[in-house]
Ligand code: SAH
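Numbering (the numbering used here), first residue to last: -18 to 381.
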């Protein structure tokens, strides 16, 4: 296909600035719809993006039905976003990961931040778990799968296209094995700790690689400690702590399936005797533990996003405060708390503010020891704040 085969999408005057500055998203109100009406496009269709003077900016795919009307996938005019372009992007993404990870276990492609809007790929050695989240990426599905196969030569590829965000894009929800015999669980190694991740039926892609570096730091705090892992999922923090020498590690989660996997993973690392699980709503479980006068030396609170949309800020930020306060009430004097948030709308300063408010409310003082963010396999596009979302605040909670 030559360049001229793509229809043009034209921006209004000055609306090219953000794009030229590195952003990839085009909102519907930035488009010159009298020249290039959005209704003329199909969801996922590829176009050539131009500024108001008809100068080509690159290639973008469109969804006329979403607030983000188009996403830039390739800059410039030197050729369309072809299969070889995908290969080049995949290799560039791989080079970054190979710089930092000894094992082939990481987020291999992180959407916008790797210049591939709508595409996420997690790697579990030879198993790839893929999420396509936009109509444009869904249109490229076949090329994406074939090029992933060509570049990484995986034994199996699983599509976890069941994220709720697909609905707004007009996409259906499905899970599909597209190569090989995809296993129910996939083995990964992180900081020398082994996990079998629930890639078929677990959360998102089955594992949260974004916390790997923070879990590595966490392991430094764990020796000789009694640990509580709140919202544990399959035990990422709690089992790492046990491997690093915690005396006991308690994992709290609402999901029975996740806690079954905690015990499995504990066995995998020969720490089954140190790892226990408590099933239930974390808010209730923490209350019960307090009533039972249980105490811990090190607690991590790593919940699902309490603020998914900006409008949820108030209730969500209160939830962060409440759960962190409940955690602090279970800490021995001078215990350590790791407070996390994966809500983009909860900036680090706000998370600290809420955690500190919680501490002061119960007459404790918070000493921040260190910060953590998302690992290098989740790079950040500096002009797209949405690509930065993960915070971990390591602190010591003192009684005064
Ligand atoms: N800390 C985990 C990731 C957490 S994912 C890790 O490092 O891998 C969020 C987890 O919170 C899920 O396992 C989900 O089952 C659990 N969850 C969600 N709401 C909950 C609640 N109210 N109480 C307890 N667990 C909850």
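Even glycine gets a Cβ: it sits at the ideal position worked out from N, Cα and C.
Note that the structure is a prediction, hence the values are computed from the model and not measured.
As assigned by DSSP and simplified to three states, the class of residue i
i	result
residue 254	helix
residue 188	coil
residue -16	In this predicted model, residue -16 has a pLDDT of only 48, less than 50, meaning its place in the structure is not dependable; the value taken from the coordinates is given anyway. Residue -16 falls in the helix class under three-state DSSP.
residue 58	coil
residue 272	helix
residue 22	coil
residue 302	helix
residue 365	coil
residue 50	strand
residue 201	helix
residue 0	helix
residue 134	coil
residue 355	coil
residue 36	coil
Residue i versus residue j - alpha carbon distance
i	j	result
residue 251	residue 41	50 Å
residue 5	residue 137	31 Å
residue 222	residue 171	12 Å
residue 191	residue 148	25 Å
residue 366	residue 119	24 Å
residue 49	residue -1	14 Å
residue 102	residue 109	7 Å
residue 276	residue 342	19 Å
residue 358	residue 93	13 Å
residue 307	residue 267	6 Å
residue 129	residue 98	16 Å
residue 273	residue 152	48 Å
residue 228	residue 96	44 Å
residue -5	residue 16	16 Å
residue -16	residue 36	Unreliable positioning characterises residue -16 in this predicted model, as indicated by a pLDDT of 48, which lies under 50. The coordinate reading is nonetheless provided below. If you take the alpha carbons of residue -16 and residue 36, they lie about 14 Å apart.
residue 117	residue 45	11 Å
residue -3	residue 163	43 Å
Residues near residue i in its chain [Cβ-Cβ closer than 6 Å; skip 5 each side]
i	result
residue 320	282, 305, 336, 374
residue 30	-10, 38, 39, 41
residue 168	177
residue 106	85
residue 202	279, 317
residue 383	Nothing about residue 383 can be read from this structure; the chain reaches only from -18 to 381.
residue 329	372
Cβ distance (whole Å) where residue i is taken to contact residue j below 8 Å
i	j	result
residue 346	residue 340	6 Å
residue 243	residue 205	Residue 243 to residue 205, Cβ: 21 Å. No contact.
residue 315	residue 379	6 Å
residue 132	residue 71	5 Å
residue 246	residue 215	6 Å
residue 351	residue 104	So it is not a contact: roughly 28 Å between Cβ atoms.
Close-in-space but distant-in-sequence residues of the same chain around residue i (CB under 8 Å, 5 per side omitted)
i	result
residue 2	364
residue 303	264, 339
residue 127	64
Contact under 8 Å by Cβ, residue i with residue j
i	j	result
residue 230	residue 210	yes
residue 278	residue 196	no
residue 85	residue 112	no
residue 62	residue 69	no
residue 449	residue -8	The question about residue 449 has no answer, for the chain in this structure spans -18 to 381.
residue 301	residue 332	yes
residue 24	residue 157	no
residue 372	residue 322	yes
residue 259	residue 233	yes
residue 271	residue 311	yes
residue 91	residue 285	no
residue 125	residue 100	yes
residue 19	residue 33	no
Chain-order list of residues whose beta-carbon lies under 7 Å from that of residue i (same chain, five-residue window excluded)
i	result
residue -18	Residue confidence for residue -18 is low, a pLDDT of 43 falling below 50, so the modelled location carries little weight; the figure read from the coordinates is stated next. So the list reads 61, once near-sequence residues are dropped.
residue 194	353, 356
residue 144	112, 114
residue 26	42, 43
residue 309	318, 339, 340, 343, 345, 378
residue 47	149, 150
residue 166	177, 178, 179, 180
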